[in-house]
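The structure appears right after this line, and notes come after that.
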Ligand code: NAD
Ligand code: UFG
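Residue numbers (my numbering): 97 to 445.
In structure tokens:
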């Protein structure tokens, strides 16, 4: 088989850059399309340093129909992994139109261009945030959807659009039907073991792990633990943290599945990418202290609006249909976060 070419939207970002490393190391050709709205080109330089391989990069907004059409004509990719999107929940509540325009309209342009180019294999970055209220903290793919903020709704809308596309092909019995994997991430953390690429949040981090890392290195003075009165063993919120390298390996497994029997007549299937077990905020703090030898200064603060007490994946479908499971443990996640943070205290500068 000739080498497959994968076009990666948002490939300069946190998860996208790790995906580029795994793709290059697995022998794929890689084309990145990123407008650098939340990333720096240095991440791609580092990807090439880690792998000793080169990729093609276009600094382009996926909403630019004409530019994207030209890229597809020139590069003729076989598959697309679609990471490009805005992801800050709070910002999405302040600027919902920005989120719908960037995420939903951006995806519409992408799939229009893909249709015109007859490239119909897509792996999409969805999120556990698409799930609605549930009586169980362990989420399976068939659970009802019901995102509660504009960011989450943008992901849910995109999932709907992609399911409709696939259903229409099925109905019309087209020759080259859409093959789509919707990957619902739980909580990605960690960094590549080289310490050369990692998460580089703008300003004060919203998420727990980069916040803890910045307290440990002295950039921030104190972590606020949002609530210690949840109905969990230590009262703090529980999440399913997943190492970013495990997460991106799930994307390579998804590409293999799209090329296989399961998808041969076209389909659009959702898969949870999580470990299937949760850790509390205080367990994360204590793990960080244990692995790094640093003391994390923290205080208990009120609950953060919109947070669930507990949320973790049922990953069995991904085990069965993608042949994918997490391989790394909590200590790996903490050690790799810390390695990245200490080598790059100011991120990519
Ligand atoms: P990130 O911000 O680091 O990466 C996203 C990349 O997309 C950035 O490089 C940004 O410049 C680019 N981008 C944004 N809009 C674009 C546009 N219109 N055109 C071209 N490029 C554009 O974020 P990430 O953490 O790597 O997340 C990647 C994807 O995974 C996102 O879609 C996000 O919603 C999703 N996701 C992330 C998490 C998480 O916790 N990190 C959880 C669930 C889902
Ligand atoms: N937390 C704190 N203090 C902080 C930050 C977080 O106590 O400074 C707590 C939260 O209350 C929560 C846990 O740490 O209990 C994890 O919070 P994160 O913000 O790291 O992650 P979330 O589960 O809230 O959300 C993340 C992404 C979303 C995504 C979701 C599911 O931010 O975009 O995972 O994939 F949708």
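Virtual Cβ for every residue (Gly too), placed ideally from N, Cα, C. The structure presented is a predicted model; accordingly, all values stated were derived computationally and were not measured.
Check: Taking 7 Å as the line, does the beta carbon of residue 130 fall inside it for any heavy atom of the ligand NAD?; Outcome: yes
Check: Secondary structure at residue 284, three-state DSSP: helix, strand or coil?; Outcome: strand
Check: Can you give me the Cβ contacts of residue 410 inside the same chain, cut-off strictly under 7 Å, excluding the 5 residues immediately before and after it?; Outcome: 234, 235, 236, 368 and 372
Check: I'd like to check one pair, residue 246 with residue 188: are the Cβ atoms closer than 8 Å?; Outcome: yes
Check: For the alpha helix (DSSP H) that residue 311 lies in, which residues bound it at each end?; Outcome: 304-312
Check: Heavy atom of the ligand NAD less than 7 Å from the Cβ of residue 179, yes or no?; Outcome: yes
Check: Measuring straight from C-alpha to C-alpha, what distance separates residue 421 and residue 337?; Outcome: 13 Å
Check: Evaluate contact between the segment 385-398 and the segment 302-317, counting only Cβ atoms and requiring at least three cross-stretch pairs below 8 Å.; Outcome: yes
Check: Could you work out which residue in 265, 381 and 321 is closest to residue 431 when comparing CA atoms only?; Outcome: 381
Check: Taking the alpha-carbon positions, what's the residue 405 to residue 253 distance?; Outcome: 25 Å
Check: Hey, quick one: how far does the alpha helix (DSSP H) through residue 188 stretch, first residue to last?; Outcome: 185-190
Check: Under a Cβ-count criterion, where at least 16 other Cβ atoms within 10 Å of its own Cβ denotes burial, should residue 177 be classed as buried or exposed?; Outcome: buried
Check: Can you name, in chain order, every residue of its own chain whose Cβ lies under 7 Å from the Cβ of residue 131, other than the five neighbours on each side?; Outcome: 155, 156 and 157
Check: So which of 128, 149, 190 and 195 has the shortest CA-CA distance to residue 172?; Outcome: 128
Check: Buried or exposed: which applies to residue 167, given that a residue is buried once 16 or more other Cβ atoms fall within 10 Å of its Cβ?; Outcome: buried
Check: Just to confirm, are residue 350 and residue 413 a CB contact at a threshold of 8 Å?; Outcome: no
Check: With a 10 Å radius around its C-beta and 16 neighbouring C-beta atoms as the bar for buried, classify residue 269 as buried or exposed.; Outcome: exposed
Check: With a Cβ-Cβ cutoff of 8 Å, do residue 151 and residue 108 count as a contact?; Outcome: no
Check: Which ranges would you report for the beta strand (DSSP E) in the segment 333-373 if only whole runs of at least 3 residues count?; Outcome: 337-339 and 363-369
Check: Here's a check: name, in chain order, each residue in its chain whose Cβ is nearer than 7 Å to the Cβ of residue 325, leaving out the five neighbours to either side.; Outcome: 331
Check: Helix or strand or just coil, what does DSSP make of residue 375?; Outcome: strand
Check: So, under 8 Å CB-CB, residue 125 and residue 101 are touching, yes? Tell me the CB distance rounded to an integer number of Å.; Outcome: 4 Å
Check: State the CB to CB distance for the pair residue 275 and residue 354, rounded to an integer number of angstroms; the pair is presumed to be in contact (CB under 8 Å).; Outcome: 4 Å
Check: Can you give, in chain order, each stretch of the alpha helix (DSSP H) that sits fully within the segment 117-175 and has at least 4 residues?; Outcome: 138-147 and 161-171
Check: Residue range of the beta strand (DSSP E) that residue 396 falls in?; Outcome: 394-397
Check: Is it the case that the Cβ atoms of residue 262 and residue 366 are separated by a distance below 8 Å?; Outcome: no
Check: Let me have the residue list for the ligand UFG: C-beta closer than 7 Å to any non-hydrogen atom, ordered along the chain.; Outcome: 183, 185, 223, 224, 225, 247, 248, 281, 282, 283, 302, 303, 304, 305, 307, 319, 320, 321, 322, 323, 332, 333, 335, 377, 400, 403 and 407
Check: Flag this pair as yes or no: are the beta carbons of residue 429 and residue 323 separated by less than 8 Å?; Outcome: no
Check: Beta-carbon separation of residue 374 and residue 400 under 8 Å?; Outcome: no
Check: For residue 238, count neighbouring C-beta atoms within 10 Å of its own C-beta (all shown protein chains included) and say buried if the count is 16 or more, exposed if not.; Outcome: exposed
Check: So residue 320 and residue 280 are supposed to be a Cβ contact under 8 Å. How far apart are they, rounded?; Outcome: Not a contact, Cβ separation roughly 27 Å.
Check: Taking the alpha-carbon positions, what's the residue 143 to residue 294 distance?; Outcome: 11 Å
Check: Quick one: grab the DSSP three-state call for residue 230.; Outcome: coil
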